[in-house]
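Chain order of the listed sequences is A, B, C and D. Residues in the first sequence are numbered from 16 upward in steps of one, following the numbering used here. Residues in the second sequence are numbered from 16 upward in steps of one, following the numbering used here. Residues in the third sequence are numbered from 11 upward in steps of one, following the numbering used here. Residues in the fourth sequence are numbered from 11 upward in steps of one, following the numbering used here. To keep things clear, I will list the structure first and then write my remarks on it.
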Amino acid sequence: MSEDLKKLYQAVLMERQKSTLGFQKREDAQHIIEAYNPVCGDQFQIYLDIENGFLQKVSYHGYGCAVSKASSSLLVESLSAKSLVDCRSQLQYFYQCMDGKETQPPEIYEALAMSKNFPGRQQCATLSWDAIQEFLLNEKGT
Amino acid sequence: MSEDLKKLYQAVLMERQKSTLGFQKREDAQHIIEAYNPVCGDQFQIYLDIENGFLQKVSYHGYGCAVSKASSSLLVESLSAKSLVDCRSQLQYFYQCMDGKETQPPEIYEALAMSKNFPGRQQCATLSWDAIQEFLLNEKGT
Amino acid sequence: MFDARLIRNQFPILNTQDRKGQPLVYLDNAATTQKPWQVMEALADFYEHHNANIHRGIYQLADDATQAYESVRAQVAQFINATPEEVIFCGGTTEAINMVAHGWGYDTLSPGDEVLVTAMEHHANFVPWQVICDRTGATFKVLPLEPDGSLSLTSLEQALTKKTKLLAITQISNTTGIINPLAEITKMAHQNDTLVLVDAAQSIANDQIDVQSMNCDFLAFSGHKLYGPMGVGVLYGKSTHLEKMSPFQQGGSMIYQVSNNKTTFKKAPHKFEAGTPPVAAALGLGAAIRFINTLGMANIKAHAQELRTHAWGKLSDMNDVALYGVALESGAIISLNIKDIHPHDVATVLGEAGLAVRAGHHCTQPLMQHYGIVGTVRISFSVYNTLSEIDHFISALSKVKSLLS
Amino acid sequence: MFDARLIRNQFPILNTQDRKGQPLVYLDNAATTQKPWQVMEALADFYEHHNANIHRGIYQLADDATQAYESVRAQVAQFINATPEEVIFCGGTTEAINMVAHGWGYDTLSPGDEVLVTAMEHHANFVPWQVICDRTGATFKVLPLEPDGSLSLTSLEQALTKKTKLLAITQISNTTGIINPLAEITKMAHQNDTLVLVDAAQSIANDQIDVQSMNCDFLAFSGHKLYGPMGVGVLYGKSTHLEKMSPFQQGGSMIYQVSNNKTTFKKAPHKFEAGTPPVAAALGLGAAIRFINTLGMANIKAHAQELRTHAWGKLSDMNDVALYGVALESGAIISLNIKDIHPHDVATVLGEAGLAVRAGHHCTQPLMQHYGIVGTVRISFSVYNTLSEIDHFISALSKVKSLLS
Ligand SMILES: Cc1ncc(COP(=O)(O)O)c(C=O)c1O
Ligand SMILES: Cc1ncc(COP(=O)(O)O)c(C=O)c1O
């Protein structure tokens, strides 16, 4: 069992997967964003409202692997109650960690970044983030 | 230049090709039979009448290579004024010569049979004969 | 029977190691099989000694290439008990099915007609029918399955009516390995004048196929699932159907005569082979069929059954493993899930241990919807797999559980 | 420039002999080129080290295969100055054109619309348009040529109207080598909002192609005419068109989501690649492009021009030889006839002398009808042909005449 694999799965991810942080359906949300990977069938909805330029009541629901779930849960944690501006920079920071460009990433980001060492798993770590990024691109306002 | 090639082309074929034996359009023929090879585009019409069970006024016209022309001309010569029965056995004899099953074929048949030693040329020797054979199959009467 | 360990020597890739120095345990044969050296040899031999475009050349090379290509057609015909005129070369199962869906379907289907497929079909035998029905106004019907994922012949009988113009059905499910009894099914269908297209992608390498006794109207398979190269496949069709069917593609080699106003086509099979075909790949397929014939299909089938029975037994002893499909009378495929662990996570951990298995929906989303799941872990067997590889898989599964649950 | 004699060493087949012990003089490159060893090596390497089905695997092998396949897509994109999303792999030129004719044409064309082709098109760029026009009720128009077989831009300008939805045109005639000035032609066509599909089957190996400066809407070519394997080809399409275009085939790997009622497709290029693609052949195409890049397209073109000029000069000195097309600014192809001798008879005699040339209509029957002939003898050149091979051909022609006339 390689070290990379342990890093990817152990501790952090397992914990998050078991916790239910942010795992909640909310059909009356202002925005329901689809995150879908046609290759593996993983599919999440991200629920959020935007109030005065801040993301509120962010949650997610759906089905996916440990990596994509942990990553979605992290997304909820990272973007909740942030302004659109802050969300955008948070996303940038996240992708820098994923690309290994950030030299001192938080432990959980570092663990997720390990996914790129595993065939076909890169997208799992970024699935929900990619969906939010596309949403924010189209969303006017700062 | 191989012996086979000389046999195929020399003397007999050249002579026939130059001669115009049976090379004649006849739009008012009772039967006009198409012989067409889609691969090379060779295309002949065979004209004939059937009178009391005998092939009459057989001729051919069209465009093709030296081998298919010689073979068509030979066909005209071989079937003219023959009864349907005799035509059918003549065809059988022709194919036996082509297949090398006849041990003492006439010189011209033997020359045509050489075509099977040359890539893509087998059909040239039998093009018109194949068309007549199909015609005779559908033609009732003996 | 044969010794799988000896057969492995004929497959160069099985003697290589991954980046970590682990040997390859290849259990993804339903996706594509590995290739014996004879197949690579056939490809190289063609390009080094016989390469020419076929059907149009008047020199030795082109003639050799044409004859070699046509002799594989005869070989395929013999392999499935058809005549060469009924064997059409194409790119693979997917193209073969599209040829019928669009070629036959476009001319034949109209509103009121129905096309019936089962809920266990691969997308390749599902979506083309959905699309052509949409275009022609015919009705696309999906036959539901029994809870275990198998087909009920009673339901099938009820679903078949005079309106059903065609039934498109797989011989072996690529997800569960379930085998459909096709000889019975074609009999049922023909009573309603329903044509039957058989997707033989999974059966072609695992069971003797006889299109006469099966009495199917069309049958499709890919070379690459039969130890042959990618990029070549076969559509079998009964001559009476092929005569009437329009060519899916048009181009060189399939033309009888072309003019500005009118174009006529050659007879089958050439009518359906527009353009330069994959000649080398076809010769590779020929080599693959020779390889299979040497082993003997009965032996191949028995070997796969031995592996499957062994694996199914071990897996059903594990109480947090869910198995899909049925224990017996199945193809060389098993689909499973470990409780609360996503199939991709399972496959990643197994992959690290050198085990190549597939995880996901296996291009059978309707079947996933039937089971109410998103995906499975799938293992599938071939002539070179051994019982000890299965044991290795089973013990790796335990590691997965300890890491992930 | 390069020395063709040294290049020959890279082509194993050129070092073999025919049954009579004669070396191969291969002058049928327009039908298919021979393959350098790098291409065979790429095929074998894939099957011996990386064989797996792509796009769906979570193990190393499948990931390697996917990345290798996608890297060839990027390589092709660079080769023709496109982006990878605009590069669709398929079976060859014929399939590429059929994808557009049936995918784009079916949705777009209706009565009153016109599709324009030229009388010099290969059947592959003629018949699919004829068929789709017939199905949709659009008008199929064939642009006549000048007596020498070339295209008049004035006639083309007159033929293009607002009704012309698409112009399908070859870059280089596969029969005469005539080159059509495509940058000018696309400009003319776009003034009428006419899309332009370029058949690059003959130009891809003989001239630098830049889809941006050519500004074509679609472009099609085959790997096997570019030193690559048979069974793989490319359709380039501008992204805006590809987004809207329906997939010609449906199946695995191109699906976004499938259910009984509705199916959605992925984005281009994947939307157009249903089923298992010819991965090894694509890698072979990658090796072929590397081979070409090493030689340099400018050198390749100059070499072909040298051979053509030499051959054309010698042939035009022979007073019973008719030449078709134009002397200058032509691709690596010459078509001819010897007075009163049928092209097949010429090719048979040449074939006996080890010379591989093509005879017939070259899948351009409308062009034959234009010239009022049934066929020609065609020679076509490649990087490995030498001036002395041309001389050998010329002297063999004399033998043909002495034997046959
Ligand atoms: C100009 C032209 N277009 C199309 C084709 C068809 O190519 P393929 O047979 O590889 O599909 C050819 C080659 O035969 C050609 O020369
Ligand atoms: C049952 C079944 N049908 C069709 C296909 C499609 O085959 P291909 O991708 O070779 O066209 C497959 C393989 O993926 C399959 O398993």
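Don't be surprised by glycine CBs; every beta carbon is placed ideally from N, CA and C. Being a predicted model, the structure only gives us computed values, none of them experimental.
Asked	Found
What residue range is occupied by the uninterrupted beta strand (DSSP E) comprising Asp203 of chain D?	Here Asp203 of chain D belongs to no beta strand (DSSP E), and DSSP marks it neither H nor E.
Against chain C, with Cβ distances strictly below 8 Å, would Ala146 of chain A count as a contact?	no
Check whether the Cβ atoms of Leu119 of chain D and Ile142 of chain D sit closer than 8 Å, and answer yes or no.	yes
Measure how close the beta-carbons of Gln138 of chain A and Asn52 of chain A come, nearest whole angstrom, since I'm counting them as under 8 Å.	6 Å
Below 8 Å between beta carbons: does that hold for Leu177 of chain C and Leu170 of chain C?	yes
Indicate, with yes or no, if ligand 2 has a heavy atom lying under 7 Å from the CB of Gln140 of chain D.	no
Measure from the C-beta of Pro121 of chain A to each C-beta in chain D and report whether the shortest distance is under 8 Å.	no
Out of A:Leu142, A:Tyr75 and A:Glu125, which one is the CA nearest neighbour of Leu20 of chain A?	A:Glu125
Please state whether DSSP places Gly243 of chain D in a helix, a strand or coil.	strand
Quick check on Gly79 of chain A - is its C-beta less than 8 Å from some C-beta in chain D?	no
Is any heavy atom of ligand 1 found at a distance shorter than 7 Å from the C-beta of Cys373 of chain D?	yes
Return the Cβ separation of Gly56 of chain B and Ser88 of chain B in integer angstroms, given the expectation that the two are a contact with Cβ distance under 8 Å.	Contact flag wrong, Cβ pair sits at about 19 Å.
Taking three-plus beta-carbon pairs below 8 Å as touching, is the segment 36-52 of chain D in contact with the segment 59-72 of chain C?	yes
Give the secondary structure of Asn132 of chain B by DSSP, where H, G and I count as helix, E and B as strand, and everything else as coil.	helix
Less than 8 Å separating the beta-carbons of Gly48 of chain D and Phe21 of chain D?	Position check: residue 48 of chain D holds Gln in this sequence, whereas Gly was assumed. Not in contact: Gln48 of chain D and Phe21 of chain D (Cβ atoms no closer than 8 Å).
For the alpha helix (DSSP H) that Val367 of chain C lies in, which residues bound it at each end?	Here Val367 of chain C belongs to no alpha helix (DSSP H), and DSSP marks it neither H nor E.
Is it buried or exposed for Asp203 of chain D, if we count other Cβ within 10 angstroms and need 16 for buried?	exposed
Just to confirm, are Gly370 of chain C and Pro353 of chain C a CB contact at a threshold of 8 Å?	yes
Of all the CB atoms in chain B, is at least one closer than 8 Å to the CB of Ile107 of chain C?	no
Identify the contact partners of Gly56 of chain A in chain C, using a Cβ-Cβ distance below 8 Å as the criterion.	Gly370, His371, Gln375, Met378, Val384 and Gly385
Tell me, please, whether the CB atom of Ser17 of chain A is closer than 8 Å to any CB atom in chain C?	yes
Would you say Ile90 of chain D and Tyr246 of chain D are within 8 Å of each other, going by their C-beta atoms?	yes
Quick one: is Asn63 of chain C near chain D, going by C-beta distance under 8 Å?	yes
Hey, how far is the Cα of Gln416 of chain D from the Cα of Gly135 of chain A?	With chain D running from 11 to 415 in the structure shown, residue 416 of chain D is simply not present.
Tell me whether the segment 102-110 of chain D and the segment 223-237 of chain C touch, counting them as touching only if at least three CB pairs, one residue from each stretch, are closer than 8 Å.	no
Ordered along the chain, which non-local residues of its own chain (more than five positions away) have a Cβ less than 7 Å from that of Ala337 of chain D?	Trp322
Thr104 of chain D lies in the alpha helix (DSSP H); which residues open and close that run?	Thr103 to Asn108
Once you ignore the five residues that flank Glu95 of chain D on each side, which residues in its own chain have a CB closer than 8 Å to its CB?	Ser249, Leu252, Lys277, Ala278 and Pro279
Consult DSSP for Asp145 of chain B and reduce its assignment to one of helix, strand or coil.	helix
Count the other CB atoms, across all protein chains shown, that sit within 10 Å of the CB of Arg388 of chain D; report buried if there are 16 or more and exposed otherwise.	buried
Let's test the definition: count the other Cβ atoms within 10 Å of the Cβ of Arg416 of chain D and tell me whether it reaches 16, buried, or not, exposed.	Any property of residue 416 of chain D remains undetermined from this structure, which presents chain D solely from 11 to 415.
Output yes if chain C places a C-beta closer than 8 Å to the C-beta of Arg136 of chain A; else output no.	yes
Can you say whether Lys84 of chain B is buried or exposed, counting buried as having 16 or more other CB atoms within 10 angstroms of its CB?	buried
If I follow the unbroken alpha helix (DSSP H) through Gln111 of chain A, where does it start and stop?	Leu99 to Met113
Mind checking who Ala215 of chain C pairs with in its DSSP beta bridge?	Looking at the DSSP assignment, Ala215 of chain C forms no beta bridge with any residue, so it has no partner.
In angstroms with no decimal places, state the Cα-to-Cα distance between Ala140 of chain B and Ile147 of chain B.	13 Å
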